[in-house]
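In the numbering used here, the protein residues as written are 57 to 379.
Every residue gets a Cβ at the ideal spot worked out from N, C-alpha and C, and that includes glycine.
Predicted model only: the values in this text are computed from it and were never measured.
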């Protein structure tokens, strides 16, 4: 269902998304690198993942244009996480030798200024140097790469709770090619903003990172490299989009990521509707022995008085084609 809600987001923002392509595509079940692959096979059989069927159905029902819709009386959107970006501040090494100096932390709410002693970073060491609970603060420091691997840099940690919950500014990320603001939540990594940049050895850099509420800005040598509002993850009551296909038929797409079914009353000018649903149990997983560990149904329903009720199953998708 996460895949389906993501696809709804792509469709809603079709004016900004030029191309969407699923990857990784293929995997041999005896040689697994990671689990998001779309199609799995061995020497005799092949099967699609749960995401394969979601992708397939969205592809077959893309439509040619989005159409307007409104919704009311849906379950409330749930917001996850802390409203402020606060916690530990420090550094994480990445096989580069780094010397930092002139580090200060300014709390713009209280006016307090904290000075951090000069130090070094090496190997993969993680060092937490301070803690801040403010909603508005600035971290400044100078650094120089003195050795280590040529394709490595380091990270400034902030809002650090533990190794599985932290935020970081990667300086020389991914083969020393990036300046990245990264969020890690429950060990899930999200790169919020990325700019091409690399660390040169034996060159002194001046860095500044400012946090205000959930807005993050990062400068290198006085130039703004990264700027982002780190929005909190949300779970909508129901993910919705509507499109028109080449024949003029209207398709209403409903995705329910909750554990309870939702009945939706659709107001429309149509005579009949074809409804397709796909749903499964939490944790369902396609395998060679059970290649379709989900349920699906197709049925038609008459539209009465320009309205019809559609039940969207728990952890399910419903596509309603209006005729």
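- Ranked by how close their Cα comes to the Cα of residue 71, the residues 309, 214, 97, 123 have 123 in first place.
- According to the DSSP assignment, residue 285 belongs to the beta strand (DSSP E) that extends over 279 to 285.
- The continuous alpha helix (DSSP H) containing residue 107 extends over residues 106 to 116.
- In terms of CA proximity to residue 250, 282 leads the group 296, 214, 282.
- Following the DSSP letters along the chain, one finds residue 363 in no alpha helix (DSSP H) but inside the beta strand (DSSP E) bounded by residues 363 to 368.
- In this structure residue 161 touches residue 195 by the C-beta definition: roughly 5 angstroms separates them, less than 8 angstroms.
- Taking 3 residues as the minimum length, the beta strand (DSSP E) runs contained wholly in the segment 193 to 225 are 210 to 218, in order along the chain.
- Under the DSSP assignment, residue 295 falls in the beta strand (DSSP E) whose first and last residues are 295 to 300.
- Relative to the Cα of residue 163, the nearest Cα in the group 62, 150, 143, 157 belongs to 143.
- Positions of the beta strand (DSSP E) runs, each at least 3 residues long and wholly inside the segment 122 to 161, are given as 143 to 149 in order along the chain.
- Residue 147 is classed as buried because its beta carbon has at least 16 other beta carbons within 10 Å across all chains shown.
- A Cβ-Cβ contact shorter than 7 angstroms links residue 207 with residue 232.
- In the displayed model, residue 61 falls within a helix according to three-state DSSP.
- Spatial neighbours of residue 119 in its own chain (CB-CB distance under 7 angstroms, excluding positions within 5 residues in sequence) are listed in chain order as 299, 300, 301, 307.
- Residue 366 sits away from residue 359, with the two beta carbons spaced by 7 angstroms or more.
- Shown here, residue 189 sits in coil according to DSSP, grouped into three states, outside any helix or strand.
- Residue 149 sits away from residue 171, with the two beta carbons spaced by 7 angstroms or more.
- By the CB criterion at 7 angstroms, residue 57 and residue 114 fall outside the cutoff.
- Taking a cut-off of 8 angstroms on C-beta distances, the segment 73 to 81 touches the segment 91 to 98, as three or more cross pairs fall below it.
- A distance of 7 angstroms or more separates the beta carbons of residue 290 and residue 277.
- For residue 229, the three-state secondary structure derived from DSSP is helix.
- A Cβ-Cβ separation of about 29 angstroms leaves residue 260 out of contact with residue 286 under the 8 angstroms criterion.
- In chain order, 299, 300 place their CB closer than 8 angstroms to the CB of residue 121, counting only its own chain and leaving out the 5 sequence neighbours on each side.
- For residue 68, the secondary structure class from DSSP, reduced to helix, strand or coil, is helix.
- Nearest in C-alpha terms to residue 253, of all of 132, 229, 313, is 229.
- Assigned with DSSP and collapsed to three states, residue 288 falls in coil, not helix or strand.
- For residue 174, the secondary structure class from DSSP, reduced to helix, strand or coil, is coil.
- Burial state of residue 320 is buried, judged by a 10 Å Cβ sphere holding 16 or more other Cβ atoms.
- Separation of residue 220 and residue 341 (C-alpha to C-alpha, rounded to the nearest whole angstrom) is 25 angstroms.
- In the structure shown, residue 310 falls within a strand segment according to DSSP collapsed to helix, strand and coil.
- Per DSSP, residue 357 is one residue of the beta strand (DSSP E) stretching across 351 to 358.
- For a cut-off of 8 angstroms, the C-beta gap from residue 67 to residue 346 is around 30 angstroms, too long to register as a contact.
- For the pair residue 214 and residue 193, the Cα-to-Cα distance works out to about 11 angstroms.
- Annotated as distal: residue 202 and residue 269, with beta-carbon spacing of 7 angstroms or more.
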